[in-house]
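Heads up, the thing below is written out as structure tokens.
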Amino acid sequence: MKLIYSFMLILCGFALTNAQQTYAVEGTVQDFHDKTMLENAVVKIGDFSTKTDKNGKFSFNKIPSGKYILIAKHPDCNDYTENVGVTQDLHLKIILEHHVQDIETVTVHGSHKNNGSMVVKTLDKSDIEKNSTENLGNLLTKISGVSALKTGNNISKPIIHGLFGSRVNIMANGVRLAEQEWGVEHAPNVDINNFQHIDVIKGASALRYGSDAVGGVVVMDPEVFPKKDTIMGSVNLAGISNGRGLMLDANIAKAWKNGWAVKSGGSIKKLGDQKASGYYLKNTGMDFSSFNFTVQNNNYERGISFDYYLTDQNIGILRDSHVSSNEDFYRAMTTKVPYYSGDFSYDINNPKQVIQHHIAKVSAFKRFENIGKVSATYSFQYNHRQEYDIRRGDLNDIPSLDLSLMTHQFNLNDLLERGKWSLETGIDAGFQNNYSDPATKARRLIPNYDKYSAGIYSIFKYKISPDLNAEAGARYDFARYDVTKWYDKSDWEKLYADAYPEFYVKTNQNRVLTRPQLNYNNVSFNAGLEYHPNGSFNLKFNYAKVGRTPNAAELFSDGLHHSAAIIELGDLSLKNEQGHQFNLIADAKFNVLKGLNVSVNPYFYITKNFINEVPTGIQNTIRGIFPVWSYQQIDAKMYGIDLDINWKLADNLSYVGKAGYVYGQDDTHNEPLILMMPPNFSNALRFNKDDWNKFYLNIENQTFLTQKRFPIRNASITIYDNGEEVEKTVDFSTPPKGYSLWNIQTGVDISKNLSAGLIVNNIFNISYRDYLNRLRFFADEAGRYFILNFRYKF
48 MKLIYSFMLI
58 LCGFALTNAQ
68 QTYAVEGTVQ
78 DFHDKTMLEN
88 AVVKIGDFST
98 KTDKNGKFSF
108 NKIPSGKYIL
118 IAKHPDCNDY
128 TENVGVTQDL
138 HLKIILEHHV
148 QDIETVTVHG
158 SHKNNGSMVV
168 KTLDKSDIEK
178 NSTENLGNLL
188 TKISGVSALK
198 TGNNISKPII
208 HGLFGSRVNI
218 MANGVRLAEQ
228 EWGVEHAPNV
238 DINNFQHIDV
248 IKGASALRYG
258 SDAVGGVVVM
268 DPEVFPKKDT
278 IMGSVNLAGI
288 SNGRGLMLDA
298 NIAKAWKNGW
308 AVKSGGSIKK
318 LGDQKASGYY
328 LKNTGMDFSS
338 FNFTVQNNNY
348 ERGISFDYYL
358 TDQNIGILRD
368 SHVSSNEDFY
378 RAMTTKVPYY
388 SGDFSYDINN
398 PKQVIQHHIA
408 KVSAFKRFEN
418 IGKVSATYSF
428 QYNHRQEYDI
438 RRGDLNDIPS
448 LDLSLMTHQF
458 NLNDLLERGK
468 WSLETGIDAG
478 FQNNYSDPAT
488 KARRLIPNYD
498 KYSAGIYSIF
508 KYKISPDLNA
518 EAGARYDFAR
528 YDVTKWYDKS
538 DWEKLYADAY
548 PEFYVKTNQN
558 RVLTRPQLNY
568 NNVSFNAGLE
578 YHPNGSFNLK
588 FNYAKVGRTP
598 NAAELFSDGL
608 HHSAAIIELG
618 DLSLKNEQGH
628 QFNLIADAKF
638 NVLKGLNVSV
648 NPYFYITKNF
658 INEVPTGIQN
668 TIRGIFPVWS
678 YQQIDAKMYG
688 IDLDINWKLA
698 DNLSYVGKAG
708 YVYGQDDTHN
718 EPLILMMPPN
728 FSNALRFNKD
738 DWNKFYLNIE
748 NQTFLTQKRF
758 PIRNASITIY
768 DNGEEVEKTV
778 DFSTPPKGYS
788 LWNIQTGVDI
798 SKNLSAGLIV
808 NNIFNISYRD
818 YLNRLRFFAD
828 EAGRYFILNF
838 RYKF
């Protein structure tokens with residue numbers, strides 16, 4: 048018995064001695080990317096917990112020996128987890144994957160720390176979901192300073208500070224859209240429902256995206272998948288009253304905690320003839336469909352992704368914009384009710400556009416300790432555009448314009464961050480082939496061409512003090528056109544034979560075959576400051592010297608642009624645009640008026656060799672009578688101001704206001720620039736009540752004043768009136784009267800996964816015409832319409 052007691056005492060003594068054996072565990076927590084020591088990181092060892100100090104250090108004095116799970120956490124970081132055995136004093140070096148949102152190709156987002164001096168406004172996922180039936184151009188008008196150049200209501204392209212077309216780059220998931228973006232009625236071929244947020248960068252400060260983005264850049268980014276095992280997706284069904292339309296979009300994604308993710312989705316949209324305040328707009332229906340697929344494996348250190356996007360559109364063009372005689376043209380331009388208005392129909396007849404666009408992209412990135420984040424992207428795009436005119440006999444089934452555009456793009460980018468500074472450097476390369484099919488049996492508007500392009504850029508950012516950041520960037524671009532083009536002999540000899548004899552190939556009857564080979568070089572740079580003394584005030588200033596190469600249409604257009612219903616004439620002698628741009632933005636929060644935020648963005652742009660397209664006459668053709676628009680080079684200036692106000696009036700009620708004004712002047716001809724956004728403002732009250740199943744109600748008034756500044760570009764036309772020739776003036780110049788619209792948007796969560804929304808636009812069914820709609824000469828804008836949608840998320 049004594050032996051048993053002795054043995055038990057020995058065991059208890061051994062256990063007591065072992066339990067009292069403790070060790071010190073200390074270490075540091077730092078950022079993987081820039082080696083910054085992370086303050087206030089939480090470190091847990093079993094049930095023991097502590098935080099790092101300002102130097103990123105942590106320590107535990109007495110950790111009993113044993114096996115533990117170590118967890119380290121920091122805001123915006125992936126959690127760090129490791130099994131550790133404590134059998135002696137330990138010193139640990141913990142490296143966290145910081146900036147977890149930055150696990151894909153470098154993007155620019157409204158909340159991203161590297162915005163620097165750029166002026167960025169963002170539409171988030173909720174904005175996109177609430178307006179899922181809109182096209183990109185119309186959606187972006189919700190941002191101050193952004194308007195839309197429209198051809199009817201289904202075709203819309205963004206205008207930023209008075210600039211549009213190839214002066215505004217559109218980036219879809221890191222790929223610059225390459226289409227025939229030069230056409231006024233060539234809308235971006237994208238489905239907004241594929242993206243998580245859309246950023247608008249105003250001005251030319253984003254050199255990463257190209258020197259020709261003089262107006263700005265639209266950056267559309269998809270969602271970032273969570274690093275966990277989950278399935279998620281949504282289905283949205285919407286009914287549209289005006290056009291008696293329906294839209295369905297759906298997507299599903301599977302993600303794994305090891306970083307793999309797969310997503311697929313698509314949408315369809317069908318509209319019939321839309322209706323103005325008092326009549327139907329003949330042949331204004333559309334069919335739209337899209338498909339997308341993504342597979343990727345991303346973590347903080349490395350990632351690879353494959354993405355594919357397809358859009359397919361069949362869009363009707365207002366019938367009254369295409370007429371066959373002087374008399375019909377004059378009547379179409381002057382009548383209040385279009386001649387072809389009639390009963391509703393889903394038929395899409397000529398004139399129309401049929402466009403298919405494919406994007407295939409492979410991207411990858413890797414982080415290196417001393418080099419930074421290196422990312423590479425290759426993309427292939429195929430854009431097939433067919434435009435159908437009203438033609439006789441069998442020709443009516445053959446497109447009048449049939450363009451195939453293939454584009455290869457490659458980008459290599461390195462982002463290096465070290466404490467107070469960062470350096471981003473990259474190279475771009477591209478090849479583009481355009482083929483204009485002669486089977487149309489119509490004159491080619493755009494010739495066959497190859498375009499070679501390359502660029503190199505570098506952007507340096509430095510944190511001068513906690514309140515002041517500075518940046519500077521530079522970019523060089525090269526572009527080469529290799530073109531095969533036929534000219535009328537008389538046009539060639541009159542315009543170009545003496546200046547470009549080296550381009551001549553041969554003469555065939557009254558036509559001249561040429562081989563223009565044009566090289567363009569551009570150097571651009573920018574510099575900016577950001578001053579952020581406190582959380583209530585932020586000031587940004589940016590200067591950019593920019594250069595832009597003429598696009599293919601500006602150089603080589605020659606003939607009838609069918610779906611635009613105009614004759615376009617390019618100019619082979621156009622030079623690079625050269626300009627200077629200044630942007631200032633001040634964001635302020637007023638503590639005296641709690642909840643009041645004001646943002647003011649004045650800007651100024653002066654440019655030489657600005658390429659401007661203006662109406663220069665009327666021409667009769669075998670296919671009808673059409674206005675002539677010509678490209679010309681001028682000196683110009685533009686300035687304006689954007690204003691945004693957000694004021695929280697009560698816990699659930701807020702006021703949102705915005706306004707925009709742009710002044711454009713042709714200094715060469717001492718006249719206003721054409722197609723400048725009219726002064727406009729909007730006022731909205733927004734009510735939100737989360738306790739009422741996330742109920743929201745927005746009531747908005749939009750007011751567009753009459754544009755008082757416009758060039759006089761009228762033309763004369765001879766018509767027969769009662770058997771006699773009469774000369775009439777066709778007014779291409781005078782803008783329509785201003786207008787004011789009331790809109791309502793409301794929604795509620797029906798259940799945990801199901802929500803409903805309702806939009807009523809133009810509540811009072813106002814009859815009006817938009818100065819920036821190229822079809823305003825022939826018909827009113829669409830009248831009142833309702834959009835009811837149901838969205839199910841899982």
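The numbers in our numbering rise by one with no breaks, and the one at position 48 of the sequence shown is 95.
By construction, the Cβ of each residue, glycine as well, lies at the ideal position given by its N, Cα and C atoms.
Owing to the predicted nature of the structure, the values given are computational and were not obtained by experimental measurement.
Asked: Where Leu58 and Gly132 are concerned, what is the direct C-alpha to C-alpha distance, given to the nearest angstrom?; Found: Caution applies to Leu58, whose pLDDT of 41 falls short of 50 and renders its modelled position unreliable; the value that the coordinates give is listed next. If you take the alpha carbons of Leu58 and Gly132, they lie about 23 Å apart.
Asked: List the whole-angstrom C-beta distance separating Asn216 from Gly257, where the pair is believed to meet the contact cut-off of C-beta under 8 Å.; Found: 6 Å
Asked: Name the two residues that bound the continuous alpha helix (DSSP H) containing Gly184.; Found: Leu183 to Leu187
Asked: Nearest to Val261 by CA position, among Asp449, His208, Lys408 and Ile118, is which residue?; Found: His208
Asked: Cα separation between Tyr347 and Arg414?; Found: 8 Å
Asked: Considering only residues of the same chain and omitting the five flanking positions on each side of Pro726, which have a CB-CB separation below 7 Å?; Found: Tyr708 and Leu752
Asked: Could you spell out where the beta strand (DSSP E) holding Tyr786 opens and where it closes?; Found: Tyr786 to Asp796
Asked: Thinking C-alpha only, which one of Ile175, Asn178 and Ser191 is nearest Lys168?; Found: Ser191
Asked: If you drop the 5 nearest sequence neighbours on each side, which residues of the same chain put their C-beta closer than 7 Å to that of Asn566?; Found: Arg527
Asked: Considering just the uninterrupted stretch of the beta strand (DSSP E) at Lys541, what are its terminal residues?; Found: Lys541 -> not in any beta strand (DSSP E); alpha helix (DSSP H) instead, spanning Lys536 to Leu542.
Asked: Name the two residues that bound the continuous alpha helix (DSSP H) containing Ser173.; Found: Lys172 to Lys177
Asked: Of the residues Thr83, Asn87, Thr97 and Glu86, which one's Cα is nearest the Cα of Val72?; Found: Thr97
Asked: DSSP three-state label for Gly212, please.; Found: helix
Asked: When DSSP labels each residue in this structure, what does Ile681 get in the three-state scheme?; Found: strand
Asked: By Cβ distance below 6 Å, which residues in the same chain neighbour Lys636 in space, the five residues on each side in sequence not counted?; Found: Ser583 and Asn644
Asked: With DSSP as the reference, label Met380 as helix, strand or coil.; Found: helix
Asked: When the Cα of Asn87 is compared with those of Asn396, Pro122 and Tyr70, which residue comes out closest?; Found: Pro122
Asked: Arg366 by DSSP, collapsed to three states: which one?; Found: helix
Asked: Alpha carbon to alpha carbon, how far is Asp778 from Ile613?; Found: 15 Å
Asked: Name the residue from Gly830, Ile806 and Cys124 whose alpha carbon lies nearest to the alpha carbon of Asn836.; Found: Ile806
Asked: For Thr753, which three-state DSSP category applies?; Found: coil
Asked: With distance defined between alpha-carbon atoms, name the residue in Leu137, Ala119, Thr358 and Phe651 nearest to Val237.; Found: Thr358
Asked: Quick one: which unbroken beta strand (DSSP E) runs of 3-plus residues sit fully inside the stretch 408–479? Chain order, please.; Found: 419–435 and 448–465
Asked: Which runs of the beta strand (DSSP E) spanning at least 3 residues fall entirely within the stretch 236–314, listed in chain order?; Found: 244–249, 263–268, 277–287 and 292–302
Asked: As an exercise, report each continuous beta strand (DSSP E) stretch of at least 3 residues that is fully enclosed by the stretch 609–673, in chain order.; Found: 613–616, 624–637 and 643–668
Asked: For Leu631, I'd like the list of residues in its chain whose CB is within less than 6 Å of its CB, leaving aside the five on either flank, ordered along the chain.; Found: Phe588 and Pro649
Asked: What is the DSSP secondary structure of Thr765, reduced to helix, strand or coil?; Found: strand
Asked: Applying the criterion that 16 or more other CB atoms from any shown protein chain within 10 Å of the CB defines a buried residue, is Ile842 buried or exposed?; Found: Because the chain is modelled from 48 through 841, residue 842 falls outside the range shown and cannot be assessed.
Asked: Helix, strand or coil for Val147? Go by DSSP, reduced to three states.; Found: A caution first: Val147 carries a pLDDT of 41, below 50, which makes its placement in the model unreliable, though a value can still be read off. In this structure, Val147 counts as coil in the three-state DSSP scheme.
Asked: Helix, strand or coil, according to DSSP, for Pro385 in the structure here?; Found: coil
Asked: Considering only residues of the same chain and omitting the five flanking positions on each side of Lys510, which have a CB-CB separation below 6 Å?; Found: Lys467 and Asn516
Asked: Three or more C-beta pairs closer than 8 Å, one from the stretch 280–296 and one from the stretch 174–190: is that the case here?; Found: yes
Asked: By Cβ distance below 8 Å, which residues in the same chain neighbour Asn277 in space, the five residues on each side in sequence not counted?; Found: Residue identity differs from the one stated: residue 277 is Thr in this sequence, not Asn. Contacts found: Lys301 and Ala302.
Asked: When DSSP labels each residue in this structure, what does Lys160 get in the three-state scheme?; Found: Its pLDDT being 43, under 50, Lys160 is placed unreliably in this model, and the coordinates cannot settle the point.
Asked: Just to confirm my understanding: we take Gln792, look at its own chain, exclude 5 residues before and 5 after, and list those with CB closer than 6 Å. What are they?; Found: Asn745 and Ile806
Asked: Buried or exposed for Phe811, please, with buried defined as at least 16 other CB atoms from any protein chain shown within 10 angstroms of its CB.; Found: exposed
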